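Participant:
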Amino acid sequence: MLLSLSVFAGENNKKSEISQFSVIIREEAVILNWKTDIPNQNLIIYKSTSPFIAFSSLVDAVLIADFKDTGNPFIDYPVPGIPYYYSIVTENEVSSGRVDFIPGKNTSNEAVEVFSEKMPTVSAKNSKNLRPMPLPFLNPDKSQELPKTIFSGETEKIISLLKSKSKNYENFLESTTKRSTYLFDEEKISGTTGELFGLQKIIKSYFYTEQWHNLEVNLTNFLQIRRSPEVTARAHFYLGEAYFFQSKYSKALKEFFQSEQIYTKKSNEWIQYSLLELAKSK
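Residue 290 in the numbering used here is what sits at position 268 of the sequence shown, and the numbering runs on without skipping anything.
1. Following the continuous alpha helix (DSSP H) through Leu241, name the residue where it begins and the one where it ends.
2. With a cut-off of 8 Å, do at least 3 Cβ pairs link the region 265-281 to the region 210-226?
3. Smallest Cα separation from Asn94: which of Phe43, Asn55 and Phe123?
4. Helix, strand or coil for Asp82 per DSSP?
5. Taking Pro102 as the reference, which of Glu232, Tyr108 and Glu50 has the closest Cα?
6. Grab the span of the alpha helix (DSSP H) containing Val253 for me, first residue to last.
7. Going by C-alpha distance, which of Ile97, Tyr271, Val116 and Thr71 is nearest Asn64?
8. Taking the alpha-carbon of Val136 as reference, which of Pro105, Thr112, Trp234 and Ser109 has the nearest alpha-carbon?
9. Quick one: what does DSSP say Val52 is sitting in, helix, strand or coil?
10. Count the other C-beta atoms from every protein chain shown that fall within 10 angstroms of the C-beta of Ala76, then say buried if there are 16 or more, exposed otherwise.
11. Using the C-alpha atoms, what's the distance from Ser72 back to Asn236?
12. From the DSSP output, in three-state form, read off Phe279 for me.
13. Measure from the C-beta of Leu298 to each C-beta in chain B and report whether the shortest distance is under 9 Å.
14. If distances are taken between C-alpha atoms only, which option among Asp88, Ile247 and Ile97 comes closest to Arg48?
15. Starting from Thr112, follow the beta strand (DSSP E) in both directions and report where the run begins and ends.
16. Using C-beta distances below 6 Å, list every residue in its chain close to Tyr108, excluding the 5 sequence neighbours before and after it, in chain order.
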């Protein structure tokens, strides 16, 4: 049995950037395919157990891919027996906080579900049409892919609060305002040299003292020079924090996207924090 849903999406400022988005179930996998009029744009794929109806829907969703479009499909291995909705949007849409989810255009009309027994099959003819999936986006550890393992316990408390019947946004506002800063262990090591020392000096001067504007300026200058991938990612993360604590949540979101590939877990947490703030402002 082969189940296929076709939906279409487009970005507000550019006509039909995403011209086709299909969701296909094959055995334990959900294969997502699409076509775009503009190549190499940054795309984001979300899944959720609830329909995508407003920007605040991203709070309950799981970000499963953030990447530059190459035209290759994405393969997801969802938990068997749980129906999921999928959506594909551009990074610019999410960063702007302006995503209009319209069934049949940029989000699926219904949820799709895989099963652990009597899996759907696909004909050999159709299987030849499936393009290979890039290795960085494969998720072989199917048994561990649960939304609650993606974020910290603190994030899960916030998400649970938003899902609750009361949805007390006043309490939520207070909790996010009190959010603590985060510093990677690498910046706590003594006796460093070179680019590590340079980043530590900026952190010592402006991060600990919470001089967020000065931190923003100095990290922006620091990133003008090519650095190692790890140092670059951490600098983007700290720049994201600098923006976040200045209530510049759209800019913060972009910086956390920059650090996500190397520091996935912690970046995903702060991406979620930024999304929550953007959703709250709508």
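Glycine included, every Cβ here is placed at the ideal spot set by N, Cα and C. Everything numeric in this text was worked out from a predicted model, so none of it was measured.
Facilitator: Taking the coordinates as given:
1. Its alpha helix (DSSP H) spans residues Trp234 to Phe244.
2. No, the region 265-281 is not in contact with the region 210-226.
3. Asn55
4. Secondary structure at Asp82: helix, using DSSP grouped into helix, strand and coil.
5. Glu50
6. Pro251 to Phe266
7. Val116
8. Pro105
9. strand
10. exposed
11. C-alpha separation (whole angstroms): 41 Å.
12. helix
13. Of the protein chains in this structure there is only one, and it is not chain B.
14. Ile97
15. Tyr107 to Thr112
16. Within the same chain, Tyr108 has close Cβ partners Val45, Lys69 and Ser130.
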